[in-house]
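Number of protein chains: 2
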Amino acid sequence: MPVSLNASDKDFTARFNAMVKAKRDAEADVSTVVAQIIADVRKRGDAALHELNAKFDHVDSATLGLRISQSEIDTAATQVDPQTLAALETAAARIRDFHARQRPSDDFYTDAQGVKLGHRWTPLDAVGLYVPGGKAAYPSSVLMNALPAVVAGVRRVVVTLPTPNGELNPLVMAALKLAGVTEVYRVGGAQAVAALAYGTDSIPAVDKITGPGNSFVVTAKRLVFGHVGIDNPAGPSEILVVADNKNDPAWIAADLLSQAEHDEVAQSVLITDDAAFAEKVGAAVRQQLSTMPRSNIATPSWEKFGALITVGQLSDAAPLVDAIAPEHLELAIDDPQALANKVRHAGAIFLGRHTPEAIGDYVAGPNHVLPTAGAARFASGLNLLDFMKRTTLVQCDEASLQKIGPAAVALANAEGLQGHALSVSIRLPRGAV
Amino acid sequence: MPVSLNASDKDFTARFNAMVKAKRDAEADVSTVVAQIIADVRKRGDAALHELNAKFDHVDSATLGLRISQSEIDTAATQVDPQTLAALETAAARIRDFHARQRPSDDFYTDAQGVKLGHRWTPLDAVGLYVPGGKAAYPSSVLMNALPAVVAGVRRVVVTLPTPNGELNPLVMAALKLAGVTEVYRVGGAQAVAALAYGTDSIPAVDKITGPGNSFVVTAKRLVFGHVGIDNPAGPSEILVVADNKNDPAWIAADLLSQAEHDEVAQSVLITDDAAFAEKVGAAVRQQLSTMPRSNIATPSWEKFGALITVGQLSDAAPLVDAIAPEHLELAIDDPQALANKVRHAGAIFLGRHTPEAIGDYVAGPNHVLPTAGAARFASGLNLLDFMKRTTLVQCDEASLQKIGPAAVALANAEGLQGHALSVSIRLPRGAV
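These protein sequences, in sequence, are chains A and B. Residue 0 is where the first sequence starts when you use numbering that gives the first Met the number 0, and the numbers rise one by one after that. Residue 0 is where the second sequence starts when you use numbering that gives the first Met the number 0, and the numbers rise one by one after that.
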């Protein structure tokens, strides 16, 4: 049974806090195995990749080559039906447009002391996108990870993906074509992350690795972090819907189940101001679960991690939202902007009754790679800045150095760094400090 | 002896690449010990902190309390002389001004399909700044870490620092006062990171941890990453100076040594277009090393990791700079902007003959917390955005959902996520998909 809470209950705070703190992500500790795989790839390069490909995916990449050729990509992509292809094109265009607006500004100015200073943004040279195999190979994720890098101006956008039994996923290949990605390698797991981070004869190293993956992939990314950049670790999906009783319970139930169907440890939570409406949504969920194709996944998710929470008034929802810091926040209420303005922590907010979260998974435009498990307290969804970096600039002339230099000399000496002090004072007139 | 390379040498590329790849950071693997400390702090909270404080710092925090009182801070800060305090004030004002210009813009617009969308930035609620003890307790680092958080609007800026034998560093206390930080705890090492990440009775948890530290602190930050945010791992400092023969060799030598004095594994590199000038700088370095106070640190750094590189012409320096991706790049040449425009990777660039790198360590304004060890390929120096996060916003109405909804339904069905599809199609007119 999903949790059912009412803010007027005596034990509400304790039960709510227990729900927020419950760990849904029982990730296996595979760090020893992963460290061995990384060491093996660093030592033996392509040979290690071929061996692991043969073992895990039954793929003879030593013969086929690690690089997936453009003709292989093209051939697989032709299997996608025109309607789906058109939908992918719609998604790609909207994602491009949204991310293009995020281009940051450079700044270079002269301050009152005559110092010129500022910063500039440049794209990364090369990024690697990990695309999972099997059931989690989503073309929408390919677009969401690759397009911000492309829009940022990254020269090399590289994709690695496992190809179990040598099969290519046509939808993924079509998404790669739409995103303009041409450098694609058949290799998955921790070995793909190792190859991207350290390079092999066939796979030149990249500067940053993004994209979802299983515990081996996530652990490998953690271990190579620092040598290359990585994105934020992503946990199971979650949705928090704030809805009043003017909604159709079936709509809200569908929204809750759209996350529950992702993963048995996904979490779907409703906050409403009407206990009777909460019950109606619960009933609608049960009804939809009885017919939905992925009921085998959505049912345990809802039973174990679902929650129906009733509060005195909708504005009481704001602190509860912040405590959860949800990946997805849906506000199906009369004045969603007013409540959104009271909320501080959420990865993405979906405003109003006609904005189901799933619209953001595909075609709205904003990225669907979002902070999970409360990380919205400190992290942002994937965006253009993840594929760029900032360099600061300073230029003093003789006059401006004379103005600000003496303070630097004083601080360097106070810190016991006389070499620092000398590098400034040597440029100042005698007697200036 | 420092490396001396000339681009006209046959083995130049091999020797240059060897220099770039040389690992300067022999960090001990302390992850087992650190994991135990974190587990202990999570389990026993304040009691564990008191025990470790007594053991390592000979501080009785059980009696004193973990919180350092405002009167303790004030009393220690009064020991700072007026000239140093004025210099700290100059630094603080300039750092504030520079970071205030970085405030990002929100965006909310209506697109051609009638979808309203955009993003907004909000500050983090609480960040913890780790301040090292002993020789590495630099007031400038306190300002560089704390002020961007304060300017971003972070409500709780918390500092932890070790107090060996109970002593407070007056300069650090003065810097904390200038930054407006009032929540300060006496605890260092991995236990401080654990307390900040998970909270204890005395130290409420924060959302992100920044600041430099030894291998225990760095390892602890890695281990708590994901539960809280962390900054980029920082390695030993490094400077790359590009200089022509119109410079005074003594000035350039001083700049090289200003980094060498940081750490025995710091790295200082000169690139010039005149082999004779390189020799003069080498001689000036030897001369300055013979008199500088921190010669015991700067000499092994220069001997082991220093390099003098001669290229055919200054524009040849650009690809070498990018290969190194230096933390600090100084361009002491006639047209520094022209070369800066050719460089892609550097943490901070210092333009012209009157801009020694050390000016940026203290008073220029840009942050001195910068990516090291080649991380400038993918990372930025600390800035305002490190203390803020972005939430995306989407709002459809009935009409706009009808326009973009069918593509979402098509993609959800193609991915086998019929629950996603239903949450959109249930809001569309019958027959729309």
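Even glycine gets a Cβ: it sits at the ideal position worked out from N, Cα and C.
- A contact between stretches requires three or more CB pairs, one per stretch, nearer than 8 Å, and the segment 212 to 225 of chain A fails this requirement with the segment 174 to 182 of chain A.
- Contact check between the segment 220 to 232 of chain B and the segment 310 to 329 of chain B: fewer than three CB pairs, one atom from each, fall below 8 Å, which does not count as touching.
- Straight-line spacing of the CA atoms in T290/A and I296/A works out to 13 Å.
- Residue range S214 to V223 is occupied by the alpha helix (DSSP H) that includes F215/A.
- Judged by DSSP in its simplified three-state form, H327/B adopts strand.
- Per DSSP, reduced to three states, the secondary structure at P299/A is helical.
- Between V2/A and A363/A, the C-beta gap is not smaller than 8 Å, which leaves the two residues out of contact.
- Rounded to whole angstroms, L400/B and T354/A show a C-alpha spacing of 7 Å.
- Inter-segment contact for the segment 236 to 244 of chain A and the segment 147 to 161 of chain A is absent: fewer than three beta-carbon pairs are separated by less than 8 Å.
- Per DSSP, the beta-bridge partners of L128/B are V158/B and T209/B.
- Only residues of its own chain outside the window of five on either side were considered, and among them G404, A407 and V408 have a CB closer than 6 Å to the CB of V423/A, listed in chain order.
- T109/A: member of the beta strand (DSSP E) spanning D106 to T109, first to last residue.
- Taking every protein chain shown into account, the CB of S104/A has fewer than 16 other CB atoms within 10 angstroms, so this residue is exposed.
- Segment contact: the segment 369 to 377 of chain A against the segment 333 to 345 of chain B, fewer than three CB-CB distances shorter than 8 Å; contact not assigned.
- In the DSSP assignment, the residues bridged to A242/A are A331/A.
- Residue nearest to L146/B within the set L383/B, G188/B, N16/B and Q287/B is L383/B (criterion: CA-CA distance).
- Under the three-state reduction of DSSP output, T271/A falls in the strand class.
- At a C-beta separation below 8 Å, T121/A has these neighbours in chain B: R343 and H344.
- Per DSSP, reduced to three states, the secondary structure at P248/B is helical.
- Look at the segment 78 to 103 of chain B: the residues with a C-beta under 9 Å from a C-beta of chain A are V79, D80, Q82, T83, A85, A86, L87, E88, T89, A90, R93, D96, F97, R100, Q101 and P103.
- Taking 9 Å as the upper bound on Cβ-Cβ separation, chain A lies near residues H353, T354, P355, E356, A357, I358, G359, D360, Y361, V362, A363, G364, P365 and N366 of the segment 353 to 366 of chain B.
- If only complete runs of 3 or more residues are kept, the segment 48 to 113 of chain B shows the beta strand (DSSP E) at 106 to 109, in order along the chain.
- By the Cβ-count criterion, P169/A is buried, with 16 or more other Cβ atoms from all chains shown falling within 10 Å of its own Cβ.
- Per DSSP, I348/A is one residue of the beta strand (DSSP E) stretching across A347 to L350.
- Note that the segment 79 to 95 of chain B does not touch the segment 385 to 401 of chain A; fewer than 3 beta-carbon pairs, one per stretch, sit closer than 8 Å.
- For Q417/B, the uninterrupted alpha helix (DSSP H) segment begins and ends at Q417 to S424.
- By the criterion of at least three beta-carbon pairs nearer than 8 Å, the segment 271 to 290 of chain B is in contact with the segment 253 to 260 of chain B.
- Under DSSP, A411/A forms no beta bridge with any residue.
- Across the segment 408 to 423 of chain B, CB contacts with chain A closer than 9 Å involve V408, A409, L410, A411, N412, A413, E414, G415, L416, Q417, G418, H419, A420, L421, S422 and V423, in sequence order along the chain.
- Closer than 7 Å at the C-beta level to chain A, one finds these residues of the segment 205 to 234 of chain B: D206, K207, G225, V227, G228 and P232.
- Of A275/A, E302/A and V192/A, the smallest CA-CA separation from K220/A is found for V192/A.
- Per the Cβ contact rule, the segment 415 to 430 of chain A is not in contact with the segment 344 to 351 of chain B (fewer than 3 Cβ pairs under 8 Å).
- Cβ neighbours of G179/B within its own chain (closer than 7 Å, five residues either side excluded): V149.
- Bounds of any beta strand (DSSP E) do not take in N164/A, whose DSSP letter is neither H nor E.
- If you look at L177/A, you'll find it isn't in any beta strand (DSSP E); it sits in the alpha helix (DSSP H) that goes P169 to A178.
- Counting C-beta atoms within 10 angstroms of its own C-beta, T391/A has 16 or more neighbours from the protein chains shown and is therefore classed as buried.
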